[in-house]
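Sequence positions in the sequence shown follow our numbering and run 807 to 971. Written out below as structure tokens is the structure these notes cover.
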Amino acid sequence: MKKSNKKEFENIINDILINNKFKELDGELHHGISRAGHSLRVAKNTYKITKKLNLNYEKATRAALMHDFYTNKDLESKNSFEALSEHPSKALENARKYYNITSLEANIIESHMFPLGHKVPKYAESWVVSLVDKGVAFYEMYRYKLSLTLGIYIIFMFNMITIQR
Ligand SMILES: [Fe+2]
Ligand SMILES: [Fe+2]
807 MKKSNKKEFE
817 NIINDILINN
827 KFKELDGELH
837 HGISRAGHSL
847 RVAKNTYKIT
857 KKLNLNYEKA
867 TRAALMHDFY
877 TNKDLESKNS
887 FEALSEHPSK
897 ALENARKYYN
907 ITSLEANIIE
917 SHMFPLGHKV
927 PKYAESWVVS
937 LVDKGVAFYE
947 MYRYKLSLTL
957 GIYIIFMFNM
967 ITIQR
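What follows is the structure, given as structure tokens:
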């Protein structure tokens, strides 16, 4: 990212990054990385794409950062299927506790799991975030599984070498 864009990106999201509730996402695992790390990656890609497409990139970036704004504790009473389809409304509820959320941001957060869940993306920005989230999730899970497999393989090879000595 260009230096000036990096600065702008940081200015758009900084108040969310220092929010104490949001900081809790740092310690929660999501696709093999922290939920904060995942959200930041979705926000970065959303910023780049929506800015290029001349969309409302400020709101899109903020909503992208908050699309998974929930802690495991928030959903502890739900089974995994309920958590999958209901976490967007929990994320929106949390976002509204701290920020004035526009209807664009609300739709981005609520519909990011489309076609799962009941909300349909209404804006171009919502489609971008929904697609970026899926791409990023796929990349993260693949990378996580790959490094896990590689780790197991290295331990196995190490054992074989030491056994043969
Ligand atoms: Fe999500
Ligand atoms: Fe996500």
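Where a beta carbon is used, it is the ideal one built from N, C-alpha and C, also for glycine. Predicted model only: the values in this text are computed from it and were never measured.
Going by C-alpha distance, which of the options is nearest residue i?
i: Tyr-929; options: Ile-824, Asn-811, Thr-856; result: Thr-856
i: Thr-877; options: Asn-906, Lys-858, Leu-898; result: Leu-898
Tell me the DSSP secondary structure of residue i in three-state form.
i: Leu-835; result: strand
i: Ser-883; result: coil
i: Ser-840; result: strand
i: Lys-925; result: coil
i: Phe-944; result: helix
i: Ile-907; result: coil
i: Leu-846; result: helix
i: Ser-917; result: coil
i: Met-872; result: coil
How close, in whole Å, do the beta carbons of residue i and residue j come, if the pair is a contact with beta carbons under 8 Å?
i: Met-872; j: Ile-839; result: 17 Å between Cβ atoms; not a contact.
Could you tell me whether any non-hydrogen atom of ligand 1 is closer than 7 Å to the CB of residue i?
i: His-837; result: no
i: Asp-821; result: no
i: His-924; result: no
Note to self: Using only Cβ atoms and a threshold of 7 Å, which residues come within that distance of a heavy atom of ligand 1? Order them by chain position.
What the structure shows: Matched residues: His-873, Asp-874, His-893, Pro-894, His-918, Met-919, Asp-939.
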